[in-house]
Amino acid sequence: MKNRWQIVIAIFTLVIIQNCIATEKHGSNFIKGNIKASVVASSGKNFNFPEQTPEFLASTSNCGICFSGGGTRSLSASMGQMRGLQQLGILKNARYISCVSGGSWASAVYTYYKSEASDDRELLGVDPGKKERKNWSLSDWGSSLKHSNLAHPATADFEKMIAGYILEGPEDMAWINAVRDTFFKPFGLDKNNFFSLDSSTVTKIINENRSLQPDWNFSDFDIPKEGRPYLIINGTLLWPVELEDLDKVNRVLVQFTPLYIGNPFALRLKERHHWFKNQYLNTGGGVLDTFAFGSSGPDASPGAWLEMPAQYGAFSIWHASGISSAAYGYDESKTDIKGLLPIENYWAVTDSEKSQAVSKNQYFSDGGNLENFGIMALLQREVKKIIVFVNSETAIKKDAYGITIDSDIAPLFGLNDSKFPNNQVFVADDYASLANKLWDSYSKGGLAIAKERYTTKPNDWFGIPEYEVEVLWVYNAPVKDWIAQLSPEVQHAIHKGIEGKQPLKRFPNYKTIGENWLKLIQLNHEQVSLIADMFSWSIQQDSNIFEKFLAPVQ
């Protein structure tokens, strides 16, 4: 990965030299003076999740959906997965959507979109009919992708956008600003607005801050579309980034949600020096109101509507998703270009009484630099049924050495965990069953899918208790039954792509970086449309499985 990102930076340099563009200026929603916000502390392992009101729990089923990282590949796959679930009428039944990186581009826009698409049907796209599938050429598939579709930005020229922002500065906002302009602006989400849960929550925020921030009004806040699952965007706090040994960099989960930001589980990090005194950093222990993220805290015990110095500007939904997708963070924390890492003012809720003394700029990065599926946030909340869409670039295969699937899955079972030593939540013996079930369903021509029941292994790094959970794993792999529905031309192109040949090279496991020549993350229209349709069609074919998993509240 490190060499890959060095190549990426070289591409950035070429783009800056050859294709310098003027980036659009976005006036910041500056905040002066003080604000009032709530700080919610956890007591040991008794976590407080502010969204879990009696009304919320009574009106939603205890199930959640994870949309994994994977850049524009995951964005495109997620659109199809959402479309399939929406067609079955069950997407709304999920209590939570937990997402990472490219999965967060899809999930955040789906939750908050304001323009371009008039409704969810237009946003998620329309399935072609049986006759269209059988007759469409590759160009037909390309033209079927509309500007109003959620994954259309996957075809945008992202590297030109980010190159302009690197040149303009500040460097730590370059990726985030490019994410905003590429994936959020088309849907009316490029303003420097706060994001929140609903109009009632916004009313409370405005009323409590009326004397301190008299200019705040509803237009300063983005709220979700009606009937959305509660959104969790996962990011990673990196500390300390100055160390030369990658294994010594601590990585801690940070959750960005409509009501709050933080990590309910407290961790005390230690930096070991051979010659100097050890240093420590407290993290987590509770959550802070989302609109107050970046402030220096109240210098008081956790509580409701505490006064504190305001942060510099509004923290927006695109900002959270930009952090969640800053995939270079894990490598660049060890290089000379760590200036590109997102930086945010941070303090732990456990330090609330001395927050202004300890608050400090810390480095943040992609949620996938810690856990690429978003499952930890749902296990923390003891969600009973979880669908995990593994939108991986790793093709499933079987040889004399066994079954190959995405390498980030094994550490969840305590296997091959040198990169993720703190990620075990399931017993090792259960890994083989998952791999075998995925292979069996794939080899039979259907969606690569596996339904498993686990007793979680308590995890003190993420604050996950022991409990029973059902997980439905859905893996990104070719669906032979779907391929058989297509025209001979498209079938031929897909089979050649699976073999690693153009024009659909590596279908559907497109590379996260550099799939298309001299393009950073850009996909072609037909690449987007085909992977989306594969998942939408396949999910509807397995409707009985998904409908049982995402049943409405009883």
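Residue numbers (our numbering): 1 to 554. Using N, Cα and C, we set each Cβ at its ideal position, and we do this for glycine too.
**Study point:** Between the CA atoms of Tyr454 and Asn361 - distance to the nearest angstrom
**Key:** Taking the sequence shown and counting its residues from 1, one reaches residue 361 at position 361. Taking the sequence shown and counting its residues from 1, one reaches residue 454 at position 454. Distance between the alpha carbons of Asn361 and Tyr454 is about 39 Å.
Practice item. Decide yes or no for the touch test of the region 56-68 against the region 334-353: beta carbon pairs closer than 8 Å, at least 3 of them. Key: no
Check your understanding: Excluding the five sequence neighbours on either side, which residues of its own chain have a C-beta within less than 8 Å of the C-beta of Ser107, listed in chain order?
Key -> Against the sequence shown, residue 107 aligns to sequence position 107. So the qualifying residues of the chain are Phe67, Ser78, Ile97, Cys99, Leu231 and Ile233.
Point to revise | Residue from Val254, Gly368 and Asp299 with nearest C-alpha to Ala327 | key: Start at 1 with the first residue of the sequence shown, and residue 327 comes out as number 327. The option with the nearest alpha carbon to Ala327 is Gly368.
**Study point:** Gln81 Cβ short of 7 Å to the ligand MG heavy atom set
**Key:** Absence of the ligand MG from the depicted structure is noted, as is the absence of any ligand whatsoever, leaving it without description.
**Study point:** Alpha-carbon spacing of Gly285 relative to Ser301, whole angstroms
**Key:** As a working note, residue 285 is residue 285 in the sequence shown. As a working note, residue 301 is residue 301 in the sequence shown. Those two C-alpha atoms are separated by around 12 Å.
Check your understanding: Going by alpha carbons, who is nearest to Leu75 out of Ser219, Ala428 and Thr512?
Key -> Locating residue 75 in the sequence shown gives position 75, where the first residue counts as 1. Checked all of Ser219, Ala428 and Thr512; the closest Cα to Leu75 is Thr512.
Exercise for review: Check whether the Cβ atoms of Phe158 and Gln527 sit closer than 8 Å, and answer yes or no.
Suggested key: Position 158 of the sequence shown, counted from the start, is the residue given in the question as residue 158. Position 527 of the sequence shown, counted from the start, is the residue given in the question as residue 527. No, the pair does not count as a contact, with Cβ atoms beyond the cut-off.
Review point. In three-state terms, what does DSSP make of Thr290?
Key: To locate residue 290, count along the sequence shown from 1; it is residue 290. In the structure shown, Thr290 sits in a helix (DSSP, three-state: H, G or I).
Practice item. Identify, in the order they occur along the chain, each residue of the same chain with its Cβ nearer than 8 Å to the Cβ of Asp542, setting aside the five sequence neighbours on each side. Key: Here the question's residue 542 lines up with position 542 in the sequence shown. Result list for Asp542: Gly446, Leu447 and Ile449, in chain order.
Check your understanding: Skipping 5 residues on each side, what residues in its chain have a beta carbon closer than 8 Å to that of Thr394?
Key -> Residue numbering aside, residue 394 sits at position 394 when the sequence shown is read from its first letter. Same-chain partners within the cutoff: Thr404, Ile405, Asp406, Ser407 and Asn509.
Check your understanding: Of the residues Lys32, Val252, Ala41 and Lys160, which one's Cα is nearest the Cα of Phe462?
Key -> Mapped onto the sequence shown, residue 462 falls at position 462. When each option's Cα is compared against that of Phe462, the closest is Val252.
Point to revise | contact_flag[the region 472-492, the region 131-138] where n(CB pairs < 8 Å) is 3 or more | key: yes
Point to revise | Three-state class that DSSP yields for Ser610 in the structure shown | key: It is not possible to answer for residue 610, since the shown part of the chain is limited to 1 through 554.
Practice item. Pull up the distance between the alpha-carbon of Asn544 and that of Trp105, whole angstroms please. Key: On the sequence shown, position 544 is the one that residue 544 refers to. On the sequence shown, position 105 is the one that residue 105 refers to. Taking the straight line from one Cα to the other gives about 28 Å.
Exercise for review: Might you give, ordered along the chain, the residues of its own chain that have their beta carbon closer than 7 Å to the beta carbon of Gly80, omitting 5 neighbours on each side?
Suggested key: As a working mapping, residue 80 is identified with position 80 in the sequence shown. Within the same chain, Gly80 has close Cβ partners Ile531, Ala532, Asp533, Met534, Phe535 and Ser536.
Practice item. Taking only the alpha-carbon atoms, compute the straight-line gap between Ser355 and Ile223 and give it to the nearest angstrom. Key: Taking the sequence shown and counting its residues from 1, the one referred to as residue 355 is at position 355. Taking the sequence shown and counting its residues from 1, the one referred to as residue 223 is at position 223. Spanning the two alpha carbons is a distance of roughly 29 Å.
Point to revise | Beta-carbon contacts of Asn476 that lie in its chain and below 7 Å, excluding the five residues immediately before and after | key: Within the sequence shown, numbered from 1, the residue matching residue 476 stands at position 476. Taken in chain order, the residues that qualify are Ala77, Val390, Asn391, Ser392, Pro508 and Asn509.
Check your understanding: Do three or more CB pairs link the region 179-188 to the region 280-294 at distances below 8 Å?
Key -> no
Review point. Should Gln311 and Ser295 be called a contact, given that it needs their Cβ atoms to be closer than 8 Å?
Key: On the sequence shown, residue 311 is found 311 positions in, with the first residue counted as 1. On the sequence shown, residue 295 is found 295 positions in, with the first residue counted as 1. Yes, the Cβ-Cβ distance between Gln311 and Ser295 is below 8 Å.
Point to revise | Beta-bridge partners of Gly303, as assigned by DSSP | key: Mapped onto the sequence shown, residue 303 falls at position 303. DSSP output for Gly303 lists Val39 as bridge partner(s).
**Study point:** Member of Ala357, Gln279, Phe293 and Gly374 whose CA lies at the smallest distance from the CA of Lys270
**Key:** Taking the first residue of the sequence shown as 1, we reach residue 270 at position 270. That would be Gln279, whose Cα lies nearest to the Cα of Lys270.
Practice item. From the DSSP output, in three-state form, read off Leu281 for me. Key: Position 281 of the sequence shown, counted from the first residue, corresponds to residue 281. Here Leu281 sits in strand by DSSP.
Review point. Can you tell which of Lys501, Ser43 and Ile317 has the C-alpha that lies nearest to the C-alpha of Lys191?
Key: Counting from 1 along the sequence shown, the entry for residue 191 is found at position 191. Residue Ile317 is the option with its Cα nearest to Lys191.
**Study point:** Distance, Phe195 Cα to Cys20 Cα
**Key:** Position 20 of the sequence shown, counting from 1, holds the residue named residue 20. Position 195 of the sequence shown, counting from 1, holds the residue named residue 195. Confidence at Cys20 is low in this model, with a pLDDT of 46, below 50, so the placement of that residue is unreliable and no value is reported for it.
Review point. Is DSSP giving Trp216 helix, strand or coil here?
Key: Looking up residue 216 in the sequence shown gives position 216. Coil, per DSSP.
Exercise for review: Drop a sphere of 10 angstroms on the beta-carbon of Pro170, count the other beta-carbons inside from all chains shown, and report buried for 16 or more, exposed for fewer.
Suggested key: As a first step, residue 170 is located in the sequence shown; it is residue number 170 there, counting from the start. By the 10 Å Cβ count, Pro170 comes out exposed.
Check your understanding: Do you know how far the Cα of Ala493 is from the Cα of Lys248?
Key -> For the purposes of this step, residue 248 is identified with residue 248 of the sequence shown, where counting begins at 1. For the purposes of this step, residue 493 is identified with residue 493 of the sequence shown, where counting begins at 1. One C-alpha to the other measures close to 45 Å.
**Study point:** Outcome for Asp220 when other beta-carbon atoms lying within 10 angstroms are tallied against a minimum of 16
**Key:** Start at 1 with the first residue of the sequence shown, and residue 220 comes out as number 220. Flag for Asp220 reads buried.
Review point. Taking Cβ positions only, does Ala292 come closer than 8 Å to chain B?
Key: Judged by its chain identifiers, the structure shown contains no chain B, having just a single protein chain.
Check your understanding: Does the Cβ of Lys25 have 16 or more other Cβ atoms within 10 Å, making it buried, or fewer, making it exposed?
Key -> Indexing the sequence shown from 1 puts residue 25 at position 25. For Lys25, the pLDDT reaches just 45, beneath the cut-off of 50, and the residue's location in the model is therefore unreliable, leaving the point undetermined.
Check your understanding: Would Lys556 be called buried (16 or more neighbouring beta carbons within 10 Å of its own) or exposed?
Key -> There is simply no residue 556 to check, as the chain begins at 1 and stops at 554 in what is shown.
Point to revise | Ranges of the alpha helix (DSSP H) found wholly within the region 320-379, counting only runs of at least 4 | key: 329-332 and 355-358
Check your understanding: What are the boundary residues of the alpha helix (DSSP H) that Asp399 is part of?
Key -> For the purposes of this step, residue 399 is identified with residue 399 of the sequence shown, where counting begins at 1. Not the alpha helix (DSSP H): Asp399 falls in the beta strand (DSSP E), residues Lys397 to Asp399.
Point to revise | Span of the alpha helix (DSSP H), counted from its first residue to its last, around Asn516 | key: Within the sequence shown, the letter at position 516 stands for residue 516. Segment: none, Asn516 is in no alpha helix (DSSP H) and carries neither H nor E.
Point to revise | When Leu412, Phe364 and Asp399 are compared against Gly374, the one with the closest alpha-carbon | key: Counted from its first residue, the sequence shown places residue 374 at position 374. Nearest of Leu412, Phe364 and Asp399 to Gly374, Cα basis: Leu412.
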